[in-house]
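First comes the structure, then the notes that go with it.
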Amino acid sequence: MESFKGEIVTLLADATGLGADDVEGLLGTPPKQDMGDFAFPCFTLAKERKTNPAALANEFAGKLAPSGAVREIKAMGPYVNFFLEPATVAEDTLSRAFREDIDYGRSSDGQGDMIVIDFSSPNIAKPFNIGHIRSTAIGHALYNIFEFLGYECAGVNHLGDWGTQFGKLIAAFKHWGSWDDLAEKPIHKLLDLYVRFHKEAKENPALEEEGRAWFKKLEDGDPDARDIWQHFRDLSLAEFQRIYADLEINFDAYTGESFYEPMLGETVQFIKDKGLAKKSQGALIVDLEDYGMPPCLLEKADGATLYATRDLAALMFRAREYKFAQVLYVVGNEQSLHFKQLFKVIELLEFEWAPRCHHIPFGLIRFKDAKLSTREGNVIFLEEVLEKSKQLVRDIIREKNPDLEDADEVAHQVGVGAVVFNDLKSRRIKDVSFDWNELLNFDGRTGPYLQYTHARICSILRKHGEDVRADVDFTRLGEKAERALVTRVASFSQRIRNAARDYEPSLISEYLLDLAEEFNSYYANHRILLDDDADLRAARVLLADVVRMVLRNGLKLLGLQAPERM
Ligand code: ARG
Numbered sequence: 001m002e003s004f005k006g007e008i009v010t011l012l013a014d015a016t017g018l019g020a021d022d023v024e025g026l027l028g029t030p031p032k033q034d035m036g037d038f039a040f041p042c043f044t045l046a047k048e049r050k051t052n053p054a055a056l057a058n059e060f061a062g063k064l065a066p067s068g069a070v071r072e073i074k075a076m077g078p079y080v081n082f083f084l085e086p087a088t089v090a091e092d093t094l095s096r097a098f099r100e101d102i103d104y105g106r107s108s109d110g111q112g113d114m115i116v117i118d119f120s121s122p123n124i125a126k127p128f129n130i131g132h133i134r135s136t137a138i139g140h141a142l143y144n145i146f147e148f149l150g151y152e153c154a155g156v157n158h159l160g161d162w163g164t165q166f167g168k169l170i171a172a173f174k175h176w177g178s179w180d181d182l183a184e185k186p187i188h189k190l191l192d193l194y195v196r197f198h199k200e201a202k203e204n205p206a207l208e209e210e211g212r213a214w215f216k217k218l219e220d221g222d223p224d225a226r227d228i229w230q231h232f233r234d235l236s237l238a239e240f241q242r243i244y245a246d247l248e249i250n251f252d253a254y255t256g257e258s259f260y261e262p263m264l265g266e267t268v269q270f271i272k273d274k275g276l277a278k279k280s281q282g283a284l285i286v287d288l289e290d291y292g293m294p295p296c297l298l299e300k301a302d303g304a305t306l307y308a309t310r311d312l313a314a315l316m317f318r319a320r321e322y323k324f325a326q327v328l329y330v331v332g333n334e335q336s337l338h339f340k341q342l343f344k345v346i347e348l349l350e351f352e353w354a355p356r357c358h359h360i361p362f363g364l365i366r367f368k369d370a371k372l373s374t375r376e377g378n379v380i381f382l383e384e385v386l387e388k389s390k391q392l393v394r395d396i397i398r399e400k401n402p403d404l405e406d407a408d409e410v411a412h413q414v415g416v417g418a419v420v421f422n423d424l425k426s427r428r429i430k431d432v433s434f435d436w437n438e439l440l441n442f443d444g445r446t447g448p449y450l451q452y453t454h455a456r457i458c459s460i461l462r463k464h465g466e467d468v469r470a471d472v473d474f475t476r477l478g479e480k481a482e483r484a485l486v487t488r489v490a491s492f493s494q495r496i497r498n499a500a501r502d503y504e505p506s507l508i509s510e511y512l513l514d515l516a517e518e519f520n521s522y523y524a525n526h527r528i529l530l531d532d533d534a535d536l537r538a539a540r541v542l543l544a545d546v547v548r549m550v551l552r553n554g555l556k557l558l559g560l561q562a563p564e565r566m
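Start counting the sequence shown at 1; every next residue gets the next number (the working numbering).
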């Protein structure tokens, strides 16, 4: 559509006397297909020229003559609307998509600018909690989206592998744990130790003191404490990495909180030197009262550092190391205040890159599954969820398509995809419900529905039995449904840009659901593999093939696989 836009911009610039950039900024897409392909609003211009917008729209429409791909130009209320020749649009769109294939939708907008994306970032020795699942899905999708738009991305896993809880864990381990015991399900076992510590500490407050002492030892580099901590970290990381492998996610760095430990002294010193730190009730803080926020804690009274201290060190490190154009923190909404404080301190430290730090918050998951929702502390084992999802899909396949080859592999792709898509299907700030029936509904607004539509088109193409041709008679794609599909396909790259602009993968999910729905209803009402009209068949096959490519490319951006049979 970009090339047609250029044509129209030139026409309008002539007629209105505006610069091309201004015209381009104003030119939009009408809400309905029967209102044409582009609409130029006359409100601002009419105001400037002290006339009414509809009259002005009429005047412009009178001056403009259709040419090239533009078939008709008419005033519609306060807008000038442009109607393109459908066959030209179809030809331009479909042949380009067909040619670009896996690269359709890609752009070089980002020009290699660096985007650091901090996502997933679970806490060692604790299972993934629901927030980490969402962060993983949303962060991974954003990573793919920005990369597709020509940015360089660094996916950073800010593991929660440091802090006072490790003192407690070591104390608990010394009392009740053993390496043999941890070997099998380390995260489960570490969680048990942690829970037990808290229970027993209620009766026996001396435990808290022990925990603090162990963390102090850890921070002071005590070999025994370090060694135990290192084991906890290795065991947990191995477990997380199994999940990431399942989801086909690669991180560019596993620089967790502990990584910044050697930089904490200089970070705090730097803040002191800037005159920002002050003592308050024994602790070291940055006062943020002037900005209506509680203070940012740098050191507790006993000198122990905090989550915020480590995030400050991490952010300064990232600025030096990555020279980022933007850094994104894909972390739950409940940490909004933490990030406001963090970015405020960075601003007060007068770093010019302060405005390029963004918190990308998201809502909660609400479980309909009683088993999941009653577990203490919203603890949830993602691995169990993924396993169950795969199992349920496996059952569905066994019932619906018992002869499917690679059924296990397909169940894996669809099972995992269903869970991931559930996190991406609506605006990230909204809470999502987690309901097996909803999530795995092959006819609902789900990942499996998109994957199924994709596989269905693959099957049509297999039945077609010949290579798809791009040199078809595009005038044959004149049905309303066909034009709608072409328009949808043409807007794919703009959709990806919008998703990046708003940090909102759901814009792509929504787009794909609309595309799939449009295709399925088209297919319900039109034959594609016609026996008596080879030209029409070739044109429709091309259209179907392109829809398939867009579905696959979009699913990939969201982190889902697109199996060819299911
Ligand atoms: N580990 C943290 C948590 O589980 C999330 C870390 C997010 N990233 C960051 N740089 N603070 O809540």
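Beta carbons are placed, not taken as given, at the ideal position from N, Cα and C, and that holds for glycine.
Query, Result
"Contact test: Asp329 Cβ vs the ligand ARG heavy atom, cutoff 7 Å", "The sequence shown places Tyr at residue 329, rather than the Asp named in the question. Yes."
"Within 8 Å, strictly: CB atoms of Ala172 and Arg134", "no"
"Anticipated Cβ contact below 8 Å, Leu551 with Ala516, distance rounded", "7 Å"
"Beta-carbon spacing of Phe65, Cys42 below 8 Å", "For the record, residue 65 in the displayed sequence is Ala; it is not Phe. Against a cut-off of 8 Å, the Cβ pair of Cys42 and Ala65 comes out as no contact."
"Option nearest Asp502 by Cα separation, candidates Phe270, Val268, Asp234 and Leu328", "Leu328"
"Residue range of the beta strand (DSSP E) that includes Ile380", "Premise fails: Ile380 is in no beta strand (DSSP E) and is neither H nor E."
"Rounded Cβ spacing between Arg226 and Leu237 (contact assumed at less than 8 Å)", "Not quite, the Cβ-Cβ distance comes to about 16 Å (not below 8 Å), so this is no contact."
"Sufficient close CB pairs (3 or more, under 8 Å) joining the segment 434-448 to the segment 535-547", "no"
"N-terminal and C-terminal residue of the beta strand (DSSP E) that Met76 is part of", "Val70 to Met76"
"Which residues DSSP lists as bridging Pro41, in chain order", "Tyr79"
"Own chain residues within Cβ distance below 6 Å of Asp577, not counting five before or after", "Only positions 1 to 566 of the chain appear in this structure, which leaves residue 577 out of reach."
"Beta carbon of Cys458 nearer than 8 Å to that of Arg366", "no"
"Length of the line joining the Cα atoms of Leu159 and Arg233", "9 Å"
"C-alpha gap between Leu11 and Ala46, whole angstroms", "18 Å"
"Inter-residue spacing [alpha-carbon to alpha-carbon] between Gln33 and Arg71", "15 Å"
"Contiguous alpha helix (DSSP H) assignments of at least 4 residues, all confined to the segment 220-295", "223-247 and 264-273"
"Straight-line gap, Ile117 to Phe166 (C-alpha atoms, nearest Å)", "26 Å"
"Pair within 8 Å by beta-carbon distance, Ala154 and Leu558", "no"
"Own chain partners of Leu297 with C-beta closer than 8 Å, once the 5 adjacent residues on each side are dropped", "Ala283, Leu284, Ile285, Leu306, Ala308 and Thr309"
"Through-space distance from Tyr143 to Asp180, alpha-carbon basis", "38 Å"
"Beta-carbon proximity of Ile8 to Phe82, cut-off 8 Å", "yes"
"Exposed unless 16 or more other CB atoms sit within 10 angstroms - verdict on Pro186", "buried"
"Same chain, Cβ closer than 7 Å to Asp435, five either side skipped, listed in chain order", "Lys368"
"Closest Cα partner of Ser521 within the set Ala538, Asp443, Asp473 and Arg497", "Asp443"
"With 16 other Cβ atoms within 10 Å as the buried cut-off, status of Ile102", "exposed"
"Heavy atom of the ligand ARG within 7 Å of Gly574 beta-carbon", "Residue coverage of the chain in this structure runs from 1 to 566, which leaves residue 574 outside it and unanswerable."
"Element boundaries [beta strand (DSSP E), containing Leu328]", "Gln326 to Val330"
"Extent of the continuous alpha helix (DSSP H) to which Gly112 belongs", "Run containing Gly112: none; DSSP gives neither H nor E here."
"Cβ shell of Arg548 (< 8 Å), same chain only, five flanking positions each side left out", "His454, Ile457, Cys458 and Leu461"
"Three-way DSSP call (helix, strand, coil) for Ala432 in this model", "Sequence check: residue 432 is Val here, not Ala. Strand at Val432."
"Contact under 8 Å by Cβ, Trp162 with Glu257", "yes"
"According to DSSP, residues forming a beta bridge with Phe367", "Phe434"
"Limits of the beta strand (DSSP E) - the one that His359 falls within", "Cys357 to Ile360"
"Endpoints, alpha helix (DSSP H) assigned at Glu334", "No alpha helix (DSSP H) holds Glu334; DSSP gives it neither H nor E."
"Gly275: CB within 7 Å of a non-hydrogen atom of the ligand ARG", "no"
"With 16 other Cβ atoms within 10 Å as the buried cut-off, status of Lys168", "buried"
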